[in-house]
Structures are given as C-alpha cells and as structure tokens.
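Q: Have a look at this one before I ask anything.
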Ligand code: GRF
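Residue numbers (our numbering): 27 to 224.
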C-alpha cells in the first residue's frame, strides 16, 4: 500500500485493547499519523475504566470503551469488548498491555487479525515478570516480541522482535524502561506490515 498521500480515512481500522498507562498505545497512535502508515486507530477499549490510555485516546479524538471485568464471566466480557470493536468498524485488534486473557472463542474468530506485544524474546519467558526472569537467568539480552494471538498464552507466530542488552546493574525496572523504547519502535512496524499484507 504505497500511496504516501493516502487519507487517514483510507487506512485499515484497528482497535487497541489496554489495561494501563498506554505508552504502546501512544506509540501506535502517533505512528499511525505518518502518511505511509497503513492503519488508523478507531477504538481504544479497556477492562479498566481508570486506564490512563483512555484519556489519551479521548484527547486524540479516538472513541473509547471501558468495561470492568470483575463480576463478569470471561465470555461475557469478551463479547462486550468484541461488540464495541465491531461497532467501531475495526478489522484488527492490537493488545497493548491488555492484562486479561481472552477466551478461545474470541481468539478463534479474530485469528490472524489479533496481535499482542510481549516484553521478552519469546519463546523465552511467556507470562509475567519477564525482566526479572531474564536477569535472574544471567541472559545477555532481554527484549520484546510482537506475535499473533493464539489459544496458547504468548505462543502465537512471531511477527517481529528486538533484542535489548542487559547492562551491569540492571534491575527489572531499569530493563523494563529500556525495553519499552524498543516496544515503541517494534509494535507500529509489525502492525503496519500485518495490515498492509491483508
Ligand atoms: C508493555 O511492557 C507490554 O509489552 C506489556 O505490558 C506493558 C504495557 O505498557 N504487555 P504500556 O501500557 O503500553 O505502557
């Protein structure tokens, strides 16, 4: 999709799911404003109404949806999130710090159109506490991975990775902060390549 002058309206609509501060969301939004980016963010949805990224989305003129998951069955919460996505017209879903496992039905329905970013060099360290685990193992590098979401946690096909050196004295917090820079470079590029390929 090479036309650098293409209007935003011609870009592929994407929904982003978040739970927290939303720095990856910010990176995805601002990358989408570049003329040669193939996607645009049409919805930011969260299981946490207090997620900071929702405020950013509103300020940037992007529709938001928030529904706490507490008290709802997983399938019920997934369905409400999916209904918001369908209403937005989004054709892809990007998980950006969405701290909730999606049910198998939703994952199957969005197969190939549902992506996640994970703060490790998968297949190393699926799940939580990735930076602490990399440091404790004596790894020379941590990093981040963007992958398609499948039924198995953090195990879908890889779309891209960036390795980040672990420096002497790194703590999980300092490594996480540096890996975030890499995440912000990686995610928009992988998402762009995925939607441009459809
Ligand atoms: C990122 O490290 C992401 O890889 C992980 O959760 C964190 C979200 O950070 N899944 P942010 O909300 O994008 O700042």
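C-beta atoms are modelled at their ideal positions from N, C-alpha and C, and glycine is treated no differently. Fair warning: this is a prediction, and the values are worked out from it, not measured in the lab.
Taking the alpha-carbon positions, what's the residue 205 to residue 147 distance?
A: 11 Å
Q: Mind checking if residue 120 is an interface residue toward chain C, Cβ cutoff 7 Å exclusive?
A: Note that chain C does not occur in the displayed structure, where there is just one protein chain.
Q: Can you check whether the CB of residue 222 is closer than 7 Å to the CB of residue 106?
A: For residue 106 and residue 222, no; Cβs fall outside 7 Å.
Q: Say yes only if the C-beta of residue 198 is nearer than 6 Å to one or more non-hydrogen atoms of the ligand GRF, and no if none qualify.
A: no
Q: Please determine, among 75, 76 and 89, the residue with the shortest C-alpha to C-alpha distance to residue 67.
A: 89
Q: Indicate whether the contact test is met: 3 or more Cβ pairs, each with one atom in the stretch 167-174 and one in the stretch 121-130, closer than 8 Å.
A: no
Q: Starting from residue 170, trace the alpha helix (DSSP H) in both directions and tell me its first and last residue.
A: Element bounds for residue 170: not the alpha helix (DSSP H) but the beta strand (DSSP E), 167-174.
Q: Pull up the DSSP beta-bridge partners for residue 95, would you.
A: Beta-bridge pairing links residue 95 to no other residue.
Q: Can you find the residues in the same chain that come closer than 6 Å, C-beta to C-beta, to residue 156, ignoring five residues on each side of it along the sequence?
A: 145 and 146
Q: For residue 140 and residue 121, what's the separation of their Cα atoms in angstroms?
A: Rounded to whole angstroms, residue 140 to residue 121 spans 8 Å at the Cα level.
Q: Which residues does DSSP list as the beta-bridge partners of residue 72?
A: 44 and 92
Q: Please state whether the Cβ-Cβ distance between residue 100 and residue 39 is less than 7 Å.
A: Taking the C-beta atoms as reference points, residue 39 is found no nearer than 7 Å to residue 100.
Q: Tell me, which residues are paired with residue 187 by DSSP?
A: 171
Q: Determine the closest residue to residue 187 out of 209, 177, 179 and 180, with distance taken between C-alpha atoms.
A: Closest option to residue 187, Cα to Cα, is 209.
Q: Would you kindly work out how many angstroms separate the C-alpha atoms of residue 216 and residue 41, rounded to a whole number?
A: 15 Å
Q: Contact defined as beta carbons within less than 8 Å: I believe residue 78 pairs with residue 47. What is the distance between those atoms, to the nearest angstrom?
A: 5 Å
Q: For residue 37, count the other beta carbons within 10 Å of its own beta carbon; 16 or more makes it buried, fewer makes it exposed. Which is it?
A: Classification for residue 37: buried.
Q: With DSSP run on the structure shown, which of helix, strand or coil describes residue 181?
A: coil
Q: Does the Cβ of residue 72 have 16 or more other Cβ atoms within 10 Å, making it buried, or fewer, making it exposed?
A: buried
Q: With H, G and I counted as helix, E and B as strand and the rest as coil, what does DSSP make of residue 65?
A: strand
Q: Output yes or no for whether 7 Å exceeds the beta carbon distance between residue 179 and residue 149.
A: no
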